[in-house]
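Written out below as structure tokens is the structure these notes cover.
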Amino acid sequence: MIFKDRGIEIKTREQIVAMRAAGLVVGRTLELLRSEVKAGITTGDLDAIAEDSIRSAGATPSFKGYHGFTGSICASVNDEIVHGIPGDRVLAEGDLISIDCGAIVNGWHGDAAITVGVGETAPELLELARICDESMWRGFAAARLGGRLTDISAAVEQHVRANSSYGIVEDFVGHGIGSAMHQPPNVPNFGKAGRGPKLVEGLALAVEPMLTFGKQDNHTLEDDWTVVTDDGTVAAHTEHSFTLTPLGPWVLTALDGGEARLKELGVTFGPLAD
Numbered sequence: 001m002i003f004k005d006r007g008i009e010i011k012t013r014e015q016i017v018a019m020r021a022a023g024l025v026v027g028r029t030l031e032l033l034r035s036e037v038k039a040g041i042t043t044g045d046l047d048a049i050a051e052d053s054i055r056s057a058g059a060t061p062s063f064k065g066y067h068g069f070t071g072s073i074c075a076s077v078n079d080e081i082v083h084g085i086p087g088d089r090v091l092a093e094g095d096l097i098s099i100d101c102g103a104i105v106n107g108w109h110g111d112a113a114i115t116v117g118v119g120e121t122a123p124e125l126l127e128l129a130r131i132c133d134e135s136m137w138r139g140f141a142a143a144r145l146g147g148r149l150t151d152i153s154a155a156v157e158q159h160v161r162a163n164s165s166y167g168i169v170e171d172f173v174g175h176g177i178g179s180a181m182h183q184p185p186n187v188p189n190f191g192k193a194g195r196g197p198k199l200v201e202g203l204a205l206a207v208e209p210m211l212t213f214g215k216q217d218n219h220t221l222e223d224d225w226t227v228v229t230d231d232g233t234v235a236a237h238t239e240h241s242f243t244l245t246p247l248g249p250w251v252l253t254a255l256d257g258g259e260a261r262l263k264e265l266g267v268t269f270g271p272l273a274d
């Protein structure tokens with residue numbers, strides 16, 4: 001049975017462990033895609049690889065057919081922030097691509113994203129991707145049972161502000177995840193700590209900072225999906241789904257559960273399985 005507190009889904013430990021299966025499908029698919037990113041491949045090619053990987057694992061792509069979306073991944077290139085539709089676009093040397101992926105196993109969802117440089121990529125773009133990824137992990141590190149949701153938000157923002165002048169996208173945020181891909185509560189990537197719902201055992205969240213090299217202002221293209229920067233500057237997007245156990249964070253879509261990165265930050269790793 002799934003318990004909901006004010007619309008927020010609270011899972012049992014067994015259900016969180018079931019979510020790990022979906023998380024591993026997503027994590028393995030993204031690592032495969034990372035190895036396949038190269039100049040000359042199309043975003044549609046990457047989508048086909050992703051769908052085969054997900055279905056071969058006995059899972060279902062979360063994105064395909066979601067509100068009419070046609071891909072198994074979102075493939076957002078350069079000034080595309082999020083929700084890029086995979087198709088015939090050919091990746092070129094020096095591009096920066098964000099790949100968002102979701103999978104369902106036995107009714108439970110996993111959701112994660114990576115940003116990857118194509119071939120020889122400008123150091124400043126790789127730095128954008130690095131800070132984006134680091135800020136997400138700082139968010140996990142700030143999460144504690146009994147704390148508040150915006151403890152995560154504040155940690156993401158503080159890391160970005162302390163290390164860059166990048167724009168933090170405010171229109172698109174993280175979210176709860178579990179028996180549906182998108183659930184309450186929203187998880188902003190900015191704000192003051194100590195606000196929002198309490199962080200409790202059984203809550204699973206997808207944390208996904210989106211940063212821009214210039215201003216964060218954006219708009220959606222005529223395809224009604226692809227979100228791009230208004231000023232044409234490059235964007236980065238990273239995401240993992242995670243939960244808190246009595247021991248600490250457990251990153252459900254990271255292949256090692258987040259152990260290595262959390263230990264680097266001095267945070268106790270809190271797996272329920274593996």
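UniProt numbering puts the first residue of the sequence shown at 1, with every later residue one more than the last.
Beta carbons are placed, not taken as given, at the ideal position from N, Cα and C, and that holds for glycine.
Small disclaimer: the values here were computed from a predicted structure and weren't measured.
Legend entry - Span separating the alpha-carbon of I114 from that of E239: Here residue 114 refers to the residue found at position 114 of the sequence shown. Here residue 239 refers to the residue found at position 239 of the sequence shown. Distance between the alpha carbons of I114 and E239 is about 7 Å.
Inset, instruction - Tell me whether the beta-carbon of P246 lies closer than 8 Å to the beta-carbon of V267. - result: Walking along the sequence shown from the start, residue 246 turns up at place 246. Walking along the sequence shown from the start, residue 267 turns up at place 267. Not in contact: P246 and V267 (Cβ atoms no closer than 8 Å).
Legend entry - Which of helix, strand or coil DSSP assigns to A48: Position 48 of the sequence shown, counted from the first residue, corresponds to residue 48. Correct three-state label for A48: helix.
Inset, instruction - Buried or exposed for G27, please, with buried defined as at least 16 other CB atoms from any protein chain shown within 10 angstroms of its CB. - result: Sequence index remark: in the sequence shown, residue 27 carries index 27 (1-based). Classification for G27: buried.
Legend entry - Per-residue burial, K198 [other beta carbons within 10 Å of its own, 16 or more giving buried]: In the sequence shown, counting from the first residue as 1, residue 198 sits at position 198. So K198 counts as exposed.
Legend entry - C-alpha distance - E244 paired with P271, whole-angstrom precision: As a working note, residue 244 is residue 244 in the sequence shown. As a working note, residue 271 is residue 271 in the sequence shown. The sequence shown places Leu at residue 244, rather than the Glu named in the question. Their backbone Cα atoms lie some 9 Å apart in a straight line.
Inset, instruction - Classify R144 as buried or exposed, calling it buried when 16 or more other Cβ atoms lie within 10 Å of its own Cβ. - result: Within the sequence shown, numbered from 1, the residue matching residue 144 stands at position 144. Looking at its Cβ environment, which holds fewer than 16 other Cβ atoms inside 10 Å, R144 is exposed.
Legend entry - Separation of T12 from V82, as counted between CA atoms: One-based indexing of the sequence shown puts residue 82 at position 82. One-based indexing of the sequence shown puts residue 12 at position 12. Cα to Cα, the separation comes out at about 31 Å.
Inset, instruction - Assign V77 to one of three DSSP states: helix, strand, or coil. - result: Here residue 77 refers to the residue found at position 77 when the sequence shown is read from its first residue. Note: V77 maps to strand in three-state DSSP.
Legend entry - N- and C-terminal bounds of the alpha helix (DSSP H) containing L126: Reading the sequence shown from its first residue, position 126 is the one you call residue 126. Taken as a continuous stretch (DSSP letters only), the alpha helix (DSSP H) holding L126 covers 123-142.
Inset, instruction - Measure the CB-CB distance between G178 and E14 and report whether it falls below 8 Å. - result: Working through the sequence shown from its first residue, we reach residue 178 at position 178. Working through the sequence shown from its first residue, we reach residue 14 at position 14. Their beta carbons are not under 8 Å apart, which means G178 does not touch E14 by this criterion.
Inset, instruction - Return yes when the Cβ of D47 is within less than 8 Å of the Cβ of G71, no when it is not. - result: Counting from 1 along the sequence shown, the entry for residue 71 is found at position 71. Counting from 1 along the sequence shown, the entry for residue 47 is found at position 47. Against a cut-off of 8 Å, the Cβ pair of D47 and G71 comes out as a contact.
Legend entry - CA-to-CA distance, I152 to F140, given in whole angstroms: Residue mapping note: residue 140 aligns to position 140 of the sequence shown, counting from 1. Residue mapping note: residue 152 aligns to position 152 of the sequence shown, counting from 1. Cα to Cα, the separation comes out at about 7 Å.
Inset, instruction - Give the single residue among I97, A50, L262 whose Cα lies nearest to the Cα of L128. - result: The count along the sequence shown starts at 1 and reaches residue 128 at position 128. Minimum Cα distance to L128 is reached at I97.
Inset, instruction - Determine the DSSP secondary structure at K198, reduced to helix, strand or coil. - result: Numbered from 1 along the sequence shown, position 198 holds the residue referred to as residue 198. Of the three classes helix, strand and coil, the one that applies to K198 here is strand, per DSSP.
Legend entry - CB contact flag (P209, C132, <8 Å): Along the sequence shown, read from residue 1 onward, the residue named residue 209 stands at position 209. Along the sequence shown, read from residue 1 onward, the residue named residue 132 stands at position 132. In this structure, C132 lies closer than 8 Å to P209 by Cβ.
Legend entry - Anticipated Cβ contact below 8 Å, V90 with T42, distance rounded: Taking the first residue of the sequence shown as position 1, residue 90 is located at position 90. Taking the first residue of the sequence shown as position 1, residue 42 is located at position 42. Rounded, the Cβ-Cβ distance is 5 Å, consistent with contact.
Inset, instruction - For the beta strand (DSSP E) containing S98, list its first residue and its last residue. - result: Looking up residue 98 in the sequence shown gives position 98. Per DSSP, S98 belongs to the beta strand (DSSP E) from 96-105.
Legend entry - From V187, H182, A193, residue whose alpha carbon lies closest to that of Q158: Translated into positions along the sequence shown, residue 158 becomes position 158. Considering only alpha carbons, the answer is A193.
Legend entry - G176 versus F190: straight-line alpha-carbon distance, rounded: In the sequence shown, counting from the first residue as 1, residue 176 sits at position 176. In the sequence shown, counting from the first residue as 1, residue 190 sits at position 190. Going from the Cα of G176 to the Cα of F190 covers about 17 Å.
Inset, instruction - Measure the Cβ-Cβ separation of V200 and V187 and say whether it is below 8 Å. - result: Taking the first residue of the sequence shown as 1, we reach residue 200 at position 200. Taking the first residue of the sequence shown as 1, we reach residue 187 at position 187. Not closer than 8 Å, so no.
Inset, instruction - Give the secondary structure of N163 by DSSP, where H, G and I count as helix, E and B as strand, and everything else as coil. - result: As a position in the sequence shown, residue 163 is number 163, starting the count at 1. Helix at N163.
Inset, instruction - Might you give, ordered along the chain, the residues of its own chain that have their beta carbon closer than 7 Å to the beta carbon of L221, omitting 5 neighbours on each side? - result: Within the sequence shown, the letter at position 221 stands for residue 221. Cβ within range, chain order: V228.
Inset, instruction - Go through its chain and collect everything with a Cβ distance to M1's Cβ below 7 Å, but skip five positions before and after it. - result: For this step, residue 1 is matched to residue 1 along the sequence shown. Caution applies to M1, whose pLDDT of 45 falls short of 50 and renders its modelled position unreliable; the value that the coordinates give is listed next. Once the five neighbours on either side are set aside, M1 has no close Cβ partner at all.
Inset, instruction - Measure the alpha-carbon distance for S56 versus A103 and round it to whole angstroms. - result: Start at 1 with the first residue of the sequence shown, and residue 56 comes out as number 56. Start at 1 with the first residue of the sequence shown, and residue 103 comes out as number 103. Going from the Cα of S56 to the Cα of A103 covers about 12 Å.
Legend entry - Opening and closing residue of the beta strand (DSSP E) in which A39 lies: Translated into the one-based positions of the sequence shown, residue 39 becomes position 39. A39 -> no beta strand (DSSP E), and no H or E assigned at all.
Legend entry - Selected residue, minimal CA-CA separation from I85, among G196, Q183, H67: Translated into positions along the sequence shown, residue 85 becomes position 85. It is H67 whose Cα lies nearest to the Cα of I85.
Inset, instruction - Would you mind reading off the limits of the alpha helix (DSSP H) that contains E264? - result: Here residue 264 refers to the residue found at position 264 of the sequence shown. Where E264 is concerned, the enclosing alpha helix (DSSP H) stretches over 259-264.
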